[in-house]
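A.B. asks: In numbering that gives the first Met the number 0, the protein residues as written are 0 to 246.
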Amino acid sequence: MDYKSQIDTTKLPLHVAVIMDGNGRWAKQQGEQRIFGHHNGVSSVRETAEAAAELGIKYLTLYAFSTENWNRPKDEVDALMELLVHTIGNETPTLIKNGIKLDCIGNIDSLPKSCIRELNEAKEKTAHCDRMTMVLALSYSSKWEIIQAVKSIAEEVKSGAIDVDAIDEKLISSKLCTAKMPDPELMIRTSGEHRISNFLLWQLSYAEFYFTEKLWPDFRREDFYEAIYKYQNRERRFGKTSEQLAQ
Ligand code: FPP
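1) If you count every other CB in all the chains shown that lies within 10 Å of the CB of residue 192, and 16 or more means buried, which is it?
2) Would the beta-carbon of residue 139 fall within 8 Å of that of residue 104?
3) Quick one: is the Cβ of residue 20 within less than 7 Å of any heavy atom of ligand 2?
4) Is the separation between the beta-carbon of residue 205 and that of residue 230 shorter than 8 Å?
5) When the Cα of residue 201 is compared with those of 6, 226, 170, 216, which residue comes out closest?
6) Please state the DSSP three-state secondary structure of residue 213.
7) Within the present structure, is the beta-carbon of residue 215 separated from the nearest heavy atom of ligand 1 by less than 7 Å?
8) Would you say the beta carbon of residue 40 comes nearer than 7 Å to a heavy atom of ligand 1?
9) Can you tell me whether residue 89 sits near ligand 1, meaning its C-beta is under 7 Å from at least one heavy atom of the ligand?
10) Can you tell me where the beta strand (DSSP E) holding residue 103 begins and where it ends?
11) Please name the residue or residues paired with residue 207 in a DSSP beta bridge.
12) Less than 8 Å between the C-beta atoms of residue 107 and residue 99, yes or no?
13) Is residue 24 a contact residue of ligand 1, with contact defined as CB to any heavy atom under 7 Å?
14) Closest to residue 67 by CA distance: which of 77, 117, 196, 167 is it?
15) Going by DSSP in three states, residue 37 sits in which element: helix, strand or coil?
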């Protein structure tokens, strides 16, 4: 099926979040080391970002490295960091060509200096791009992010800057890494795993989840279009009934 032609471009999600999973298993299937899978995942990142920007999606957040990923063998962590540094540098012209601004969320200070440098450079070079923002979640976990938010609010209450009664959804959202973005309406996870893995727990409260068996290095434009098409055919009720929505 040609999913792209079936997509209603007036009803796109503003923000799509992706858990890019299955690189290790993909590499194993080829009889290769895990890092071979991560390297091959870069083409999927490129295709997904281009497809999303062309459709008119405004934010694409990719879970590239979680807080928990620091616990992987050192060789894999080092190779992933090196891949990130090279990819961000090499892909900046493609981002600019496609009008994609780069942003990142997570504990960025915990990344190697070379990675922080590349990220800052790419952010600066793409700052003028306004077709879509691609957000890399790096050294990110939702529980880490929520702890930072709670600490910041606690400090404000302690200093008397705000009253406890002023704590509401809006204030908490404003303290998260995603403060300037709308919440994702769609979360895609590849590789057949049905988990959220400490990713955007607050922000995904009302998102539609789309799971595919495809391993991330096999994920192509058509797969992204299929996810958008299927999202558009879901009924989003936000706690209401179907009858209420029909009115
Ligand atoms: C999860 O697969 C994937 C990662 C931890 C890394 C994702 C990184 C990339 C796709 C590389 C480049 C990305 C950017 C944005 C430049 P896994 O290793 O957990 O796979 P497994 O579950 O099969 O072991």
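C-beta atoms are modelled at their ideal positions from N, C-alpha and C, and glycine is treated no differently.
C.D. replies: Put simply:
1) Taking the first residue of the sequence shown as position 1, residue 192 is located at position 193. Counting Cβ neighbours within 10 Å, residue 192 comes out exposed, since fewer than 16 surround it.
2) For the purposes of this step, residue 139 is taken as the residue at position 140 of the sequence shown. For the purposes of this step, residue 104 is taken as the residue at position 105 of the sequence shown. Contact: yes.
3) Questions concerning ligand 2 fall outside what the structure shown contains, since the ligands it does hold are ligand 1.
4) Walking along the sequence shown from the start, residue 205 turns up at place 206. Walking along the sequence shown from the start, residue 230 turns up at place 231. Against a cut-off of 8 Å, the Cβ pair of residue 230 and residue 205 comes out as no contact.
5) Here residue 201 refers to the residue found at position 202 of the sequence shown. Relative to residue 201, the option among 6, 226, 170, 216 whose CA is nearest is 170.
6) Position 214 of the sequence shown, counted from the first residue, corresponds to residue 213. Here DSSP, grouped into helix, strand and coil, assigns residue 213 to coil.
7) Locating residue 215 in the sequence shown gives position 216, counting from the first residue. Checking every heavy atom of ligand 1 against the Cβ of residue 215, one is found closer than 7 Å.
8) Indexing the sequence shown from 1 puts residue 40 at position 41. At least one heavy atom of ligand 1 lies less than 7 Å from the C-beta of residue 40.
9) Residue 89 sits at position 90 when you count from the first residue of the sequence shown. Ligand 1 never approaches residue 89 closely enough for any of its heavy atoms to be under 7 Å from the residue's Cβ.
10) Indexing the sequence shown from 1 puts residue 103 at position 104. Counting along the chain, the unbroken beta strand (DSSP E) around residue 103 starts and ends at 99-104.
11) For the purposes of this step, residue 207 is taken as residue 208 along the sequence shown, with counting starting at 1. BP columns for residue 207 point to 185.
12) Counting from 1 along the sequence shown, the entry for residue 107 is found at position 108. Counting from 1 along the sequence shown, the entry for residue 99 is found at position 100. No.
13) As a working mapping, residue 24 is identified with position 25 in the sequence shown. Within the cutoff, so yes.
14) The residue you call residue 67 lines up with position 68 of the sequence shown. Closest in C-alpha terms to residue 67, from the list 77, 117, 196, 167, comes 196.
15) In the sequence shown, counting from the first residue as 1, residue 37 sits at position 38. Three-state DSSP puts residue 37 in a helix.
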